[in-house]
Amino acid sequence: MNADTILRRFFAVSGHTRHPESLLRYERVQSHLRGYLEEVAAAGLEGPARELLELERQFDAEAPYARLLGARELLHALPDFLAVPQLLPDFHDRLAQISVASRLAQWLCSRRLVQREDSWDDVVLTRAAAEQARRSPAL
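Add 6 to the 1-based position in the sequence shown for the numbering used here, that's all there is to it.
The following block contains the structure:
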């Protein structure tokens with residue numbers, strides 16, 4: 007399953023879309039996460055994954071990361087998504103971003119989209135990044 011499908015399913019079952027403001031907030035977080043994956047996380051890839059992404063961009067530049075890469079790469083990208091340069095400027099959006107990243111990491115494991123043993127480091131790093139992001143001063 008590719009990252010695009012994973013994100014669509016995760017946000018569909020997220021349950022935070024009942025209130026109009028929450029819906030807008032989670033749409034902003036999802037848009038920010040997708041942009042981060044395509045720009046920042048993609049630039050950090052190495053080896054065959056990076057080569058595959060570069061080749062795919064030659065044919066279709068629209069969201070190659072989300073189309074080609076899967077749960078493991080998505081989980082691996084989450085800790086840096088919570089680093090200070092990536093944190094959303096609005097306080098409530100930032101809290102939603104932290105919540106989404108934490109819940110997404112757990113969701114990937116609970117749905118067995120990643121092997122918990124193989125990906126545990128990324129889960130722990132995501133939790134630590136979420137805790138650090140919660141403590142970061144307002145931007």
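For glycine and all other residues, C-beta sits at the position ideal for the given N, C-alpha and C.
Fill in: Reference M7, options S142, A77, L88 and A136, closest by Cα
Selection S142, A77, L88 and A136 evaluated against M7 yields A77 as nearest (Cα-Cα).
Worksheet item: Where Q103 and Q64 are concerned, what is the direct C-alpha to C-alpha distance, given to the nearest angstrom?
Response: 31 angstroms
Discussion item. Taking the alpha-carbon of L75 as reference, which of L30, L131 and A55 has the nearest alpha-carbon?
Written reply: A55
Fill in: Same chain, Cβ closer than 7 angstroms to D99, five either side skipped, listed in chain order
R31, R34 and V35
Worksheet item: Residues in its own chain within less than 7 angstroms of A83 by CB, not counting five upstream and five downstream?
Response: Here A83 has L43 and A47 as same chain residues with Cβ atoms under 7 angstroms from its own Cβ, once five neighbours each way along the sequence are excluded.
Worksheet item: Quick one, which of E45, L59 and L119 has its alpha-carbon nearest D86's?
Response: E45
Item to complete: Could you check if L61 is buried or exposed, using at least 16 other CB atoms within 10 Å of its CB as the buried criterion?
Response: exposed
Worksheet entry | Classification of P70 by the beta-carbon crowding that lies within 10 angstroms, buried from 16 upward | buried
Discussion item. Comparing C-alpha positions only, which one of D127, E57, P26 and V106 sits nearest to F16?
Written reply: V106
Worksheet item: From E79 to L29, what distance separates their C-alpha atoms?
Response: Near 26 angstroms, if we compare the C-alpha coordinates of L29 and E79.
Worksheet item: So what's G76 in DSSP terms, helix, strand or just coil?
Response: Looking at G76 - three-state DSSP - the assignment turns out to be strand.
Item to complete: Measuring alpha carbon to alpha carbon, tell me which of D66, A89, L39 and R122 ends up nearest R140.
Response: A89
Worksheet item: Roughly how many angstroms lie between the CA atoms of A134 and S20, to the nearest whole one?
Response: C-alpha separation (whole angstroms): 22 angstroms.
Item to complete: Throw me the rounded Cβ distance for the L51 and D128 pair, which I believe falls under 8 angstroms.
Response: Rounded, the Cβ-Cβ distance is 14 angstroms, inconsistent with contact.
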